[in-house]
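Quick notes on the structure that follows.
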Amino acid sequence: MAGRGESGHGGVLSPYFELVLVGDIMGQLEPAGLRRLGEARYSYGRAWRYQVEGVRGVYELVEWGVQRSLLKINLPGLPALEFLGPVFLVRYYPHPDEEVFEEFSAREQVLRLSPYFNCGESPYPTLDSAEGELDPTLFNVGTMYILASDLGVVRLGAYSQDRLVSVAEEGVSVSNVLLVPPGGRDRNVPGWALTWRLLERLAGVYR
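One gets our numbering by counting positions in the sequence shown from 1 and adding 341 to each.
This is how it looks when you write it as structure tokens:
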């Protein structure tokens, strides 16, 4: 079931499985049409990487909170939400040849082609890069959450917006080259479409 609002969307699916550890849950999430690419560890949480069949970009689910109580977390670059259970940032690393690549911010595009991604050759960040750890505000397209009860009944859901838009009030320049003029739109990412594409595949594990 999916809901639509003026500023965002909440998509909730109701699978049944035993909630033991976040790592155990994520280890199960590899349905048909979705390839697991391994894990990463950031200072702010673990991450699991996936690639949807037929899609050139790569998804990353970053553990952002694991409390099993009412949460109100200000997620970087995304609306504040309240819910119960583990929370994940949904990131999408677009392939440079994808049309959606141009809709990410100038900083994200430059970074995607930088040594941090092996000059565009790596589909996800290389954490040993001299650039350091990936900023948690970058490449976010939504959130995923797991609502759990003591009986092991859970709901796998997600939240995002139709378009995640940011405006560069002072413009964006790189090496004295103006990429975005002052007051120009720097980011216009189809957040809900990208988030839902991953969520519907993950939910297929438990249908």
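Cβ atoms here follow ideal geometry from the backbone N, Cα and C, with glycine treated the same way.
Run of the beta strand (DSSP E) containing residue i, from where it starts to where it stops
| i | result |
| --- | --- |
| R387 | 386-393 |
| L505 | 505-509 |
| S514 | 513-515 |
| Y433 | 428-434 |
| V518 | 518-521 |
Distance CB(residue i)-CB(residue j) smaller than 9 angstroms
| i | j | result |
| --- | --- | --- |
| L505 | R528 | yes |
| A381 | P477 | no |
| L452 | L430 | no |
| G484 | S501 | Looking at the sequence provided, one finds Thr at residue 484 rather than Gly. Going by C-beta atoms, T484 is nearer than 9 angstroms to S501. |
| G524 | V508 | yes |
| E404 | V428 | yes |
| R397 | E439 | yes |
| V482 | V518 | no |
Residue(s) in a DSSP beta bridge with residue i
| i | result |
| --- | --- |
| A381 | A388 |
| Y457 | Paired residues: none, contrary to the question. |
| G525 | A509 |
Straight-line Cα distance separating residue j from residue i
| i | j | result |
| --- | --- | --- |
| E511 | E444 | 19 angstroms |
| Y391 | I487 | 18 angstroms |
| R409 | G498 | Low confidence applies to R409: its pLDDT is 43, below 50, so where it sits in the model is not reliable enough to give any reading. |
| H436 | G461 | 8 angstroms |
| A534 | G386 | 25 angstroms |
| V521 | Y433 | 22 angstroms |
| G379 | Y400 | 11 angstroms |
| D503 | N459 | 31 angstroms |
| S538 | G426 | The displayed chain sequence assigns Arg, not Ser, to residue 538. Roughly 22 angstroms separates the two Cα atoms. |
Residue i, enclosing alpha helix (DSSP H) - first and last residue
| i | result |
| --- | --- |
| L289 | Residue 289 is absent from the model: the chain starts at 342 and stops at 548. |
| G532 | 532-544 |
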